[in-house]
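Have a look at the structure below before the remarks.
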Amino acid sequence: MAKPEDDLSDPVVRNHNNDEEEEEGEQNDDIEDEGEGEGEGEDEDEEKDKDLESQKAKLRNSFQNFFSRIQHESVPIRVHDVVIKGNTKTKDYLIEAVTASLKDASTIQELFAASSEVNFRLQALEIFDSVKITLDSGPPELPGTANVIIDVVETKSPLLGEIGVFNKGEASSSSLEGTLKYKNIFGYGDLWDGALAYDCDRKAEVSAGVFLPRFKGLVTPVTARLFLQSQDCLKFSSFKERSLGLSLGLFSTRNHDLVYNLAWRTLTDPSRMASSSIRRQLGHGLLSSLKYTFKIDRRNSPLRPTHGFAFVSSTQIGGLAPDSRSLRFLRQELDLRCAIPLGFYRSALNLGISAGVVFPWGSGFSSMPSPLPERFFLGGNLSPVCTLGGPTSLWGFRTRGLGPTEPRRQFRSNPANENTDSGRDHLGGDLALAVFADFSFDFPSKWLSAKGIHGHFFASAGNVEKLTENAYRNFSLRKFTESFRSSVGVGVVIPTNLFRMELNYCYILKKFGEDSGKSGFRVSFASPS
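Residue 358 in full-length UniProt numbering sits at position 358 of the sequence shown, with consecutive numbering throughout.
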């Protein structure tokens with residue numbers, strides 16, 4: 001049986017019993033070597049430089065061969081471990097959930113793509129100042145494996161203020177919004193915010209909410225928002241609306257979104273001049289609705305699309321509460337866009353068609369009116385090019401500027417009142433259809449092109465119609481299309497950091513007596529929907 005020492009490599013042993021003759025020999029050798037020391041030192045440096053250059057060349061060849069290989073063939077690989085560094089507050093499970101796709105990669109190409117996607121998703125959480133992903137070789141005993149090292153730097157400034165101009169899908173004008181956010185309070189990637197918003201339609205909103213990118217075992221983000229909304233529609237429809245409620249995001253992915261809304265809504269008429277149709281809807285109502293939205297947007301830009309297409313479908317059902325004051329309705333919206341590049345001066349032709357229908361449901365639904373705030377109103381200062389989500393606006397027409405109207409109530413004394421825009425209330429419609437075409441192009445000036453300032457010619461047409469209260473019996477598709485309102489125009493588009501502004505001249509081709517629209521210069525605004 002071998003001794004344990006036999007397994008060890010032999011140590012370097014120096015002999016301490018040598019006589020003085022060896023010491024003298026060494027001294028003589030040192031004396032002889034003094035003259036040769038300088039020459040040998042130079043030779044050693046040259047050899048070291050050659051070795052270093054040789055190592056660099058081998059390393060370069062190795063990298064070139066590696067990158068050439070991954071460009072022309074699939075290189076199999078398996079992720080052995082994902083190492084997370086730098087998160088002192090953020091929960092590990094949040095980052096692990098985002099990075100889970102890395103372990104599904106079976107080739108180096110798939111690992112590169114997955115790493116890029118994970119980097120983007122981590123940055124999108126808005127809780128890290130930087131994200132660095134390093135691919136390292138796996139353990140030597142496991143060839144063909146890799147370790148992924150994710151180094152994050154958590155944000156040093158959790159408090160953030162923002163201001164911007166935004167479009168709401170159901171709105172007819174852009175809103176100016178200010179938001180104050182606090183990030184990652186509890187380490188779940190949570191974003192808490194408070195917001196104030198006001199738009200040109202005299203609509204104001206105060207809200208507070210929270211966003212959780214991944215909570216416990218849920219695979220989709222969770223959002224919850226408390227809001228208080230107030231809108232003054234006295235000028236156009238003789239009512240004021242106030243809503244207090246909660247919005248809860250139940251399911252959200254890149255293409256799908258499911259939201260539940262619960263709100264207590266109050267409609268009032270301080271002017272006491274509302275038409276009979278408006279007066280029948282005044283009072284309190286409970287909104288309990290579920291809204292599903294499917295969205296695909298393959299355009300290269302939401303503000304100036306030059307190629308691609310987009311499609312949005314939203315379905316909303318109201319009346320999900322067992323209360324007599326619950327608003328029962330079905331609402332469907334469709335929106336299709338297409339941008340066609342023309343090949344000169346960065347020109348493109350944008351085409352769009354949007355439609356919507358709303359109808360009450362329940363006992364005797366055919367003779368019931370649809371809820372007033374859920375109806376469709378065309379007109380406003382939005383640009384149809386950027387308003388993705390349903391029929392909302394037409395160039396040249398004012399907010400709620402077309403569609404069915406009804407005379408307001410008149411008093412014998414006929415007191416002066418600010419709400420005498422036309423003496424009629426705009427009631428909106430249960431069916432809406434709008435189309436547009438927009439030809440955009442760069443100016444010859446390089447300075448204007450560099451700033452994104454460009455021109456466009458446009459045309460739009462649309463109509464709204466009443467279907468409820470048995471009005472559908474008299475509906476005629478031919479009559480509906482013949483009564484389309486239309487406009488054309490030309491303008492200059494000026495993009496800014498907050499929004500897109502259009503300075504347009506609009507010419508009304510067709511309108512009817514009670515419509516609020518006229519030819520002339522108008523300013524339109526837009527932001528990504």
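Note that beta-carbon positions come from the ideal geometry of N, C-alpha and C, so glycine has one too.
For clarity, every value in this text was computed on a predicted model and none was experimentally measured.
*Taking the alpha-carbon positions, what's the residue 359 to residue 375 distance?*
9 Å
*Roughly how far, in whole angstroms, is the beta-carbon of residue 385 from the beta-carbon of residue 438, given that I think they are within contact range, below 8 Å?*
5 Å
*Alpha carbon to alpha carbon, what distance is there between residue 147 and residue 21?*
Unreliable placement is indicated for residue 21, whose pLDDT of 44 sits below 50; the coordinate value is still reported in the next sentence. Going by the C-alpha atoms only, they are around 59 Å apart.
_Please return the same chain residues whose Cβ sits closer than 6 Å to the Cβ of residue 432, not counting the five positions on each side in sequence._
356, 376, 391 and 464
*Sort out for me which residues DSSP pairs residue 198 with in a bridge.*
176 and 204
_For residue 183, the three-state DSSP class (helix, strand or coil)_ = strand
*asked:* Would residue 133 and residue 115 qualify as a contact pair, given that the criterion is a beta-carbon distance under 7 Å?
replied: yes
*Entirely within the segment 61 to 148 and at least 3 residues each: give me those beta strand (DSSP E) ranges in chain order.*
78 to 85 and 128 to 137
*With C-beta atoms as the reference, is residue 289 less than 7 Å away from residue 261?*
yes
*With distances taken Cα to Cα, identify the nearest neighbour of residue 270 among 264, 61 and 279.*
279
*How would you write the range of the beta strand (DSSP E) that residue 450 sits in, first residue to last?*
Careful: residue 450 lies outside any beta strand (DSSP E), inside the alpha helix (DSSP H) at 446 to 451.
*Would you call residue 274 buried or exposed, if buried means 16 or more other Cβ atoms sit within 10 Å of its Cβ?*
buried
_Contacting residues, own chain, Cβ-Cβ under 7 Å from residue 321 (five flanking each side not counted)_ = 286 and 288
_Please tell me whether residue 153 and residue 130 are closer than 7 Å, where the distance is taken between their beta carbons._
yes
*Is the beta carbon of residue 258 less than 7 Å from the beta carbon of residue 251?*
yes
*Would you kindly work out how many angstroms separate the C-alpha atoms of residue 525 and residue 453, rounded to a whole number?*
14 Å
*Would DSSP call residue 382 helix, strand or coil?*
strand
*Whole angstroms is fine: what's the gap from residue 277's alpha carbon to residue 336's?*
33 Å
_Counting C-beta neighbours from all protein chains within 10 Å, is the total for residue 203 16 or more, i.e. buried, or is it exposed?_
buried
*asked:* Using a Cβ distance threshold of 8 Å, determine whether the segment 513 to 523 contacts the segment 392 to 409, with at least three qualifying pairs required.
replied: yes
*Under the criterion of a Cβ to heavy atom distance below 6 Å, does residue 399 qualify as lining the ligand PLP?*
Judged by which ligands are present, the structure shown has none, so any question about the ligand PLP falls away.
*If you count every other CB in all the chains shown that lies within 10 Å of the CB of residue 513, and 16 or more means buried, which is it?*
exposed
_So the candidates are 312, 475, 503 and 196; which of them puts its Cα closest to the Cα of residue 292?_
312
_Exposure of residue 475, with buried meaning 16 or more beta-carbon neighbours within 10 Å_ = exposed
*Find out if the Cβ-Cβ distance for the pair residue 383, residue 205 is shorter than 7 Å.*
no
*Going by DSSP, which residues form a beta bridge with residue 264?*
244 and 286
*Can you grab the Cα-Cα spacing for the pair residue 521 / residue 125, in whole Å?*
42 Å
*Pull up the distance between the alpha-carbon of residue 319 and that of residue 332, whole angstroms please.*
15 Å
_Less than 7 Å between the C-beta atoms of residue 366 and residue 470, yes or no?_
yes
*When DSSP labels each residue in this structure, what does residue 474 get in the three-state scheme?*
helix
*Using DSSP with H/G/I as helix, E/B as strand and the rest coil, what is residue 349?*
strand
_Bounding residues of the beta strand (DSSP E) (the contiguous stretch that carries residue 510)_ = 500 to 510
*With DSSP run on the structure shown, which of helix, strand or coil describes residue 239?*
coil
*Taking the C-alpha atoms as reference points, what is the distance between residue 182 and residue 193?*
6 Å
*asked:* For residue 278, list the residues DSSP reports as bridge partners.
replied: Residue 278 is not bridged to any residue.
*Identify every residue that forms a DSSP beta bridge with residue 293.*
257 and 314
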